[in-house]
Amino acid sequence: MSAKPILSVEGLGKRFEVGGGLLRRPAQVHAVVDASFEVAERACLGLVGESGCGKSTLARCLLRLVEPDEGRIVFEGEDVRSLDGPALRRLRRRMQMVFQDPYASLNPRRTVRQTLAEPLVVHGLATGEAVDARVEAALAEVGLPPDSAPRFPHEFSGGQRQRIGIARALVLEPRFIVADEPVSALDVSVQAQVLKLLEALRERHGLSMLFVSHDLGVVRHVCDRVAVMYLGRVVEEAPVPDIFDRPLHPYTRMLRAASPVPDARARFSLPRVEGEIPSAMDPPGGCAFHPRCPSALARCAKERPALADLRGGHRVACFLHSPEAAP
Amino acid sequence: MSAPAAVLPARGWTRRFRANPTSWLGVALIAAVVLAALLASTIWPLDPLEQNVAERLMAPTAAHPLGTDTFGRDVLARLLHAARISLLIGAFSIALAMTIGSAIGIAAGYLGGWFDAAVTSLLDVLLSFPTLLLGLMVVAMLGPSMGNLVIAIAITELAPFARVARAPTITLKGRDFVEAGRALGFSDLRLVVVHIIPNLLSEVVVVASLWLATAIRTEASLSFIGLGVKPPTATWGGMIREGFENILDAPWLALAPSLAILVTVLGLNLLGDGLRDAIDPRARRD
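Quick look at the structure:
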């Protein structure tokens, strides 16, 4: 990671309280614990993990849609957590989000034109005919015909709706896009088109991106680096080729085994790990992965390995690879 | 109670509404009552306030199709003019209750936290009073006048509107398109007015049509116990009370306004049920 980071995150944490009442103390869910990573200018970092591992919460924390409890987020040299009012609004021009569910992320009562024009008007970026021109340009950019503008979301297919969602994120000309599982609600045939579109847009506008997914296969196509999350913690982070060819953390190896490999020669045997993800309300002690880990050591149940830097920008939190990495 | 099409969810609700014969019955009954109220003087040009002692307590005849009351006033004329008062008070009180009640519910649902808890508890207190008793207390405090009656009835119906607006606000607040709006830098006011309210208006409109019936009944009940619009202005509740004294010798005096209330309330309930079923087919009860 030689390029200057556009976004750097340090020790980010978010807890949710669930249940509780007048006399009962609420349980705490540690959705994100001590997450640290950087995204280089024009790069794409993939964030993968099973459902419930905290990746969506982490993504929302970056945009302050969810308020983080601790840690630092620095975006283009600005401390995101200290922003307020107009400064936060300016941040939102530069950092945008693409949502998972293209059916829930568009207001059913607003036409495509209204949806795309609203951000421009709110931020005072265009008035009158200039708005229409920019709406048309945004539609063209995501590959939708100009006559889509007066139509309502229900008149479009899932893939087209996701294109509208992408156009809405792009209309403010952001520098950074947080894409939260942008293709997982789509048909496989449509997924590839939308991924290609995201790639092309990233190229054309010089965007940086955080790409959240539960599917390593999808991440392989769009990302430069991948961070793997397990129960709120980043357990491994490395460039894409390393994650795919030399996954180190047993959990990454398990995810890797779960995603199909098209090239028969590239297949290699990996341990399959059984079992369900434990409850985030009561995570196992030591390394959170040890109850499911095929190579767990005795110390894994007692101590938690820290994320340690190995050569080539490969970071992993596992005693198998960095025995000295006690916290 | 019609709502602009753009406000109601998805396509097809008009088709479902039209396909339901009982909704049409509701529309017909309400249209008849509204027309009768609007055209009262044209349909039946007698003065509802003109007394004629020589013709008191007359049974229905061609000159007085519904007979006359103790002051010799024409009951049909009084019935038609009373419809205006009932509908006006009902409509104004519902409009007031809908505006303020929904605003309270939306604020509670959107802001959440202690504010929501406080508002919800207060609404529960308000709901625990029977409608009539609450209306009675408010009119007793404010004094009986048409404006106060509107306020009193509106207060009795705040809680249902607040509840109906609060629940969908909480759901909509968590929807991705509202979150997307927040990410785009929209203000809370814009999110509520542009993105939340249009999506819950249909539910509020259905409640309005159902509670309009209750408002008209409450007005009649308050008039019946003498806390409504002051005589000699004709109101349905007041007419029932006046007719009650002669229920044995001149039953039409109480019967005519009672039937008018019955028809109006029935019509509004059918209309409201039809709207509800059309807008949310899942809520249809067999």
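Heads up: the sequence lines are chains C and W, in that order.
Taken in order, the first sequence gives residues 1 to 327; the numbers are from this note's numbering.
Taken in order, the second sequence gives residues 1001 to 1286; the numbers are from this note's numbering.
Quick reminder that beta carbons are idealized off the backbone N, C-alpha and C, glycines included.
Only a predicted model underlies this, so the values are computations on that prediction, with no experimental measurement involved.
Rounded to whole angstroms, Tyr251 (chain C) and Phe289 (chain C) show a C-alpha spacing of 7 Å. Any Cβ of chain C closer than 9 Å to the Cβ of Gly1113 (chain W) would place that residue at the interface, and such an atom is absent.
Listed in chain order, the beta strand (DSSP E) elements of length 3 or more contained wholly in the segment 28-104 of chain C are 44-48, 70-75 and 95-98. At least one CB atom of chain C sits nearer than 9 Å to the CB of Leu1184 (chain W). Its chain contains Leu1123, Leu1126 and Leu1127 as the residues whose beta carbon lies nearer than 6 Å to that of Ala1159 (chain W), once the 5 sequence neighbours on both sides are disregarded; these appear in chain order.
Contact of Ser322 (chain C) with chain W by beta-carbon distance below 9 Å is absent, the smallest such distance being about 37 Å. In this structure, DSSP gives Phe211 (chain C) an extended state, which the three-state scheme calls strand.
Counting only the Cα atoms, Tyr230 (chain C) lies some 18 Å from Ser322 (chain C). Neighbours of Val32 (chain C) in chain W, taken as residues whose beta carbon is under 8 Å from its own, are absent, since the nearest beta carbon is some 17 Å off. From the beta-carbon of Phe99 (chain C), the residues of chain W found nearer than 7 Å are Asp1176 and Ala1180. Counted as a single uninterrupted DSSP element, the alpha helix (DSSP H) harbouring Lys196 (chain C) occupies residues Val188 to His205. In this structure, DSSP gives Glu10 (chain C) an extended state, which the three-state scheme calls strand. Taking C-beta atoms under 8 Å as the contact rule, Val1192 (chain W) and Ile1106 (chain W) qualify, at a distance of about 6 Å. Residue state for Ile1094 (chain W) is assigned as helix, using DSSP reduced to three classes.
Look at Thr111 (chain C) here: in three-state DSSP terms it is coil, with no helix or strand label.
Straight across, the Cα-Cα distance linking Leu1049 (chain W) with Gly1147 (chain W) is about 21 Å. Comparing alpha-carbon positions, the option among W:Ala1260, W:Lys1230, W:Thr1233 and W:Gly1181 lying closest to Arg89 (chain C) turns out to be W:Gly1181. In this chain, the alpha helix (DSSP H) harbouring Ala1037 (chain W) covers Pro1021 to Leu1038. Linking Ala27 (chain C) to Lys14 (chain C) through their CA atoms gives a straight-line distance of about 14 Å. DSSP lists C:Gln28 as the beta-bridge partner residues of Glu17 (chain C). Between Ile1153 (chain W) and Gly1238 (chain W), the CB-CB gap reaches or exceeds 9 Å. Less than 9 Å divides the Cβ of Gly1072 (chain W) from the Cβ of Arg1056 (chain W).
For Asp282 (chain C), the secondary structure class from DSSP, reduced to helix, strand or coil, is coil.
Between the segment 118-132 of chain C and the segment 1203-1215 of chain W, the count of Cβ pairs shorter than 8 Å is below three; the stretches do not touch. Ser213 (chain C) and Glu181 (chain C) do touch by the CB rule: their CB atoms are close to 6 Å apart, below 8 Å. Among the residues of chain C, those whose CB is under 9 Å from the CB of Pro1198 (chain W) are Asn107, Arg109 and Arg110, following chain order. Interface residue (Cβ-Cβ distance to chain C less than 9 Å): Arg1078 (chain W) is not classified as such. For Phe176 (chain C), the uninterrupted beta strand (DSSP E) run begins and ends at Phe176 to Asp180, by DSSP. Inter-segment contact for the segment 201-211 of chain C and the segment 30-47 of chain C is present: three or more beta-carbon pairs are separated by less than 8 Å. Remark: three or more beta-carbon pairs, one from each stretch, lie closer than 8 Å, so the segment 168-181 of chain C and the segment 95-107 of chain C are flagged as touching. Between the segment 107-115 of chain C and the segment 144-160 of chain C, the count of C-beta pairs closer than 8 Å reaches three or more; the two stretches touch.
Judged by beta-carbon spacing, Ala35 (chain C) lies within the 9 Å limit of Gly11 (chain C), meaning their Cβ atoms are closer than that value. Of the residues assessed, Ala1117 (chain W) falls on the exposed side of the cut-off, its CB having fewer than 16 other CB atoms within 10 angstroms. Minimum Cα-Cα distance from Ala1077 (chain W) among the listed residues W:Leu1184, W:Lys1173 and W:Ala1040 corresponds to W:Ala1040.
For the set C:His314, C:Tyr103, C:Leu198 and C:Val74, the Cα lying nearest the Cα of Leu91 (chain C) is the one of C:Val74.
Under the three-state reduction of DSSP output, Met1058 (chain W) falls in the coil class, being neither helix nor strand.
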